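Down below is the structure, laid out as structure tokens.
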Amino acid sequence: MLIDTHCHLASHHYAQTSMQELAERSRELGVTHCISLGTHRPDWETQLELAAAMPDYVSACLAIHPTEAHLATPEDMELLQALGGKHALAAIGEAGLDYFHPAPEGCDEAGYHALQRDLLERHFAIAETLGLNISIHTRDRKGSASFDDAVAIARNFPRVKPVFHCFIGDRAQAETIFSGLDGMISVTGIVTFKNGRQVQDVAAWCPLDRLMVETDAPYLSPEPYRGSQNEPGRVRYVADKIAALRGLPVPEIEAATTANARRFFRLPDHV
């Protein structure tokens, strides 16, 4: 049994996809549940509808992605808090800091990054109010400024545990998350790539009680499907690769990452 802890089922890439068939393909690979994350207000309703229609397969998280920080309004954040109070969200997310993409027209880079930091703080505050954890995105063109800034913000909210999704950092960064924030990391299909050696090193070393697995579907399809549209069932290949790297039986990775996902996202035992 596996849980895909980060995917985007409301993505337009799935517009022609039967969710029932997608779920069946997942279950054939032993993937019984997924966490589908919202990235902007227009997809929140779809995320909630999916979770309501398929509660045994989908749990929803809502947030505004950092690349849309310049579009976020106070009303959006009020709605997010209201929806979190009304619906059983698994966490707040996907929030974070993205210093990789250029600033949109009308914004300078420093101002754009400041907007993102302010938005991330507001996401943390909402998560704290709702008693939820948070899924964090960080990305840099070079260096680790977005990671460092996200860690600094997270330290101000010790009651909110973060998972740094699609983790591609090194052991030192992972240890900062574990010991400094009591947080988690989540590994994608990058761990199966030939050029994913740093992720492989961390996945082989990471304490099992700090590790989760994800697809980031529809993106980052693992080998042998790299370059094609991803889907939650393919988290199977992520787990299998981690088991091989650690020299452990696959069921041990399944059990550990599933237990971690249930605990972090407060999922019921039957999921």
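Mapping to my numbering: the sequence shown position 98 is 109, numbers consecutive.
Virtual Cβ for every residue (Gly too), placed ideally from N, Cα, C.
On a predicted model such as this, the values are computed, not experimentally measured, just so you know.
Boundaries (first-last residue) of the alpha helix (DSSP H) holding residue i
i, result
"G122", "120-141"
"R274", "261-276"
"F168", "Per DSSP, F168 belongs to no alpha helix (DSSP H) and is neither H nor E."
"V249", "246-257"
"G83", "Correcting the residue identity first, residue 83 is Ala in this sequence and not Gly. That residue, A83, is in no alpha helix (DSSP H); it is neither H nor E in DSSP."
"T57", "52-64"
Residue environment, residue i, which counts as buried when at least 16 other CB atoms sit within 10 Å
i, result
"Q211", "buried"
"G207", "buried"
"N144", "buried"
"A163", "exposed"
"E342", "This structure does not reach residue 342, given that the chain is present from 12 up to 282, and the question cannot be answered."
"H76", "buried"
"E35", "exposed"
"S197", "buried"
"E60", "exposed"
"P279", "exposed"
Enclosing beta strand (DSSP E) for residue i [first to last residue]
i, result
"A101", "That residue, A101, is in no beta strand (DSSP E); it is neither H nor E in DSSP."
"R150", "145-151"
"L20", "Element bounds for L20: n/a, residue is neither H nor E."
DSSP bridge partner residues for residue i (one or two, in chain order)
i, result
"V42", "L13"
"F329", "Limits of the chain in this structure are 12 at one end and 282 at the other, which puts residue 329 out of reach."
"S232", "According to DSSP, S232 bridges with nothing at all."
"V198", "V224"
"L10", "Absent from the structure is residue 10, since the part of the chain shown begins at 12 and ends at 282."
"C177", "Partner(s): none; C177 has no beta bridge."
"A71", "S47"
Own chain residues within Cβ distance below 7 Å of residue i, not counting five before or after
i, result
"E120", "A114"
"Y25", "P229"
"H81", "P115, C118, Y123, L126"
"M12", "G41, T43, E265, T269"
"A161", "G107, L108, L131, I147, T149"
6 Å CB neighbourhood of residue i in its chain, flanking five on each side removed
i, result
"E79", "H51"
"C18", "C45, S47, T226, A228, P243"
"F189", "R221"
Problem - Cβ contact (3+ pairs, closer than 8 Å) linking the segment 250-269 and the segment 89-103 - result: no
Exercise for the section: Decide if the segment 258-266 is in contact with the segment 233-245; the criterion is three or more beta carbon pairs, one per stretch, under 8 Å apart. Expected result: Fewer than three beta-carbon pairs drawn from the segment 258-266 and the segment 233-245 are found closer than 8 Å, and the two stretches are therefore not classed as touching.
Problem - contact_flag[the segment 122-130, the segment 49-68] where n(CB pairs < 8 Å) is 3 or more - result: no
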